[in-house]
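> My questions all concern the structure below.
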Amino acid sequence: SAFVLGRDGEVLVSHLGRIESFSELETYLAHTLGRPLNIGHINRTGDSLPYRRAFTAEMRDIVAGVYGRDVEAFGYGF
Numbered sequence: 027s028a029f030v031l032g033r034d035g036e037v038l039v040s041h042l043g044r045i046e047s048f049s050e051l052e053t054y055l056a057h058t059l060g061r062p063l064n065i066g067h068i069n070r071t072g073d074s075l076p077y078r079r080a081f082t083a084e085m086r087d088i089v090a091g092v093y094g095r096d097v098e099a100f101g102y103g104f
């Protein structure tokens with residue numbers, strides 16, 4: 027968040043793409059740049075355990091300590 031949020035928490039960029047909706051980001055970029063894009067996806071991990079089930083309470087606390095501002099500002103949660 028240090029790269030996209032001001033000191034008061036205001037978003038400093040005109041668009042913030044989310045990795046969990048990458049195809050929407052790709053569409054936005056193609057439209058903005060005025061040309062087709064095909065970024066693709068390499069190193070796909072396949073089906074994995076949802077992170078909420080994979081994280082222990084201690085792991086959640088660590089992530090919250092490091093990324094708490096991001097979690098709150100961008101609407102994520104555990």
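The opening position of the sequence shown corresponds to residue 27 in our numbering, with each subsequent residue numbered one higher.
Where a beta carbon is used, it is the ideal one built from N, C-alpha and C, also for glycine.
1. Got a sec, what are the start and stop residues for the alpha helix (DSSP H) Y102 sits in?
2. Cβ of D96 less than 8 angstroms from any chain B Cβ?
3. In whole angstroms, give me the CA-to-CA distance for L38 and N69.
4. If you draw a straight line from the alpha carbon of R95 to that of G72, how long is it in whole angstroms?
In short:
1. Where Y102 is concerned, there is no enclosing alpha helix (DSSP H), given that its DSSP letter is neither H nor E.
2. Absent here is chain B; the protein component of the structure consists of one chain.
3. 31 angstroms
4. 29 angstroms
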